[in-house]
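Peer 1:
Residue numbers (our numbering): 440 to 744.
1) On the DSSP bridge assignment, give the partners of residue 728 in chain order.
2) State yes or no: is the C-beta of residue 588 within less than 7 Å of the C-beta of residue 504?
3) Considering only residues of the stretch 515-583, which uninterrupted beta strand (DSSP E) runs meet the minimum length of 3 residues and lie entirely inside it, listed in chain order?
4) Note down the Cα distance separating residue 639 from residue 696, rounded to an integer number of angstroms.
5) Assuming contact is defined by CB atoms lying nearer than 7 Å, are residue 541 and residue 547 in contact in what I supplied?
6) Comparing C-alpha positions only, which one of 634, 600, 593 sits nearest to residue 615?
7) On the criterion of 16 or more Cβ atoms from any shown chain inside 10 Å, does residue 736 qualify as buried, or is it exposed?
8) Out of 491, 573, 502, point me to the one whose CA is closest to residue 525's CA.
9) Based on DSSP bridge pairs, tell me the residues matched to residue 707.
10) Less than 7 Å between the beta carbons of residue 643 and residue 637, yes or no?
11) Buried or exposed for residue 600, please, with buried defined as at least 16 other CB atoms from any protein chain shown within 10 angstroms of its CB.
12) State the DSSP-derived secondary structure class of residue 512, mapped to helix, strand or coil.
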């Protein structure tokens, strides 16, 4: 009986050792994994209650998107990094000072300050914002750059496109890399030297290798110019299609395009100004304004006439 009890005790002790105490070859790896998971879990729990904050100097961020085929680099004098935990997601935002951002499109962005957000890859810059690409330049008050979609929104743009000497201002600008279009929104003003000024509610500048190949303006389009035949010229229309390569201007309107030049009055469905500066009326053409048309053009251009 005693021998049986001793045998069962030894067998039980061996089983406990074999299954629970003995260190197996895979145990160290499992142990380290459990410790790592435990630390991560405690870190997440801590970040859920209070974010981690880090101050850094001389920051350089290298951000890769599109399966690491597109490279953005952000440099700043100093930054404040904040890391938060929301449920199972880690979110980070970095407040940057004296920023320079270089994009894959050879565009350099500079600003006084900004915020980069991870993992959404959104970058917002403010105060003394400027975009440069060789001799091209756009200034603004605030830039929102989506690094994933490579779209850019700029508030109060004031730009210069060197090719074609095209200058523009508006309340906002949207640039889409894929479409190569600059969308100008509200209070649009485009000038090509001082002798050619266009005003409109919105406009689209078509680019090819950062050169304007077509400009389309819509909504309350106005022309103020002394270029054509060296005479003061004014026009009112709903749309304008300007081809800077062929140097043609096509004005259109749902009602009538109104054109005035040093005493010449022209009312037509369309007005085309060719490269040789000849002026053509298309559709139902009148060479006099009726009373309503005269009042409309006088109201807008009385500050110039």
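Every residue gets a Cβ at the ideal spot worked out from N, C-alpha and C, and that includes glycine.
Note that the coordinates shown come from a computational prediction; the quantities given were computed from them, not determined experimentally.
Peer 2: Taking the structure as given:
1) Residue numbering aside, residue 728 sits at position 289 when the chain shown is read from its first letter. According to DSSP, which records beta bridges pairwise, residue 728 is partnered with nothing at all.
2) Here residue 588 refers to the residue found at position 149 when the chain shown is read from its first residue. Here residue 504 refers to the residue found at position 65 when the chain shown is read from its first residue. No. Outside cutoff.
3) 528-541, 547-557, 561-572
4) Here residue 639 refers to the residue found at position 200 when the chain shown is read from its first residue. Here residue 696 refers to the residue found at position 257 when the chain shown is read from its first residue. C-alpha separation (whole angstroms): 14 Å.
5) Position 102 of the chain shown, counted from the start, is the residue given in the question as residue 541. Position 108 of the chain shown, counted from the start, is the residue given in the question as residue 547. Against a cut-off of 7 Å, the Cβ pair of residue 547 and residue 541 comes out as a contact.
6) In the chain shown, residue 615 corresponds to position 176, counting from 1. Here the closest residue by C-alpha is 593.
7) Counting from 1 along the chain shown, the entry for residue 736 is found at position 297. Answer is buried; the Cβ neighbour count reaches 16.
8) One-based indexing of the chain shown puts residue 525 at position 86. The residue with the shortest Cα to Cα distance from residue 525 is 491.
9) Indexing the chain shown from 1 puts residue 707 at position 268. Paired residues: 696.
10) By 1-based counting over the chain shown, the position of residue 643 is 204. By 1-based counting over the chain shown, the position of residue 637 is 198. No, these two residues do not count as a Cβ contact at 7 Å.
11) One-based indexing of the chain shown puts residue 600 at position 161. Label assigned to residue 600: buried.
12) The residue you call residue 512 lines up with position 73 of the chain shown. It is a strand residue.
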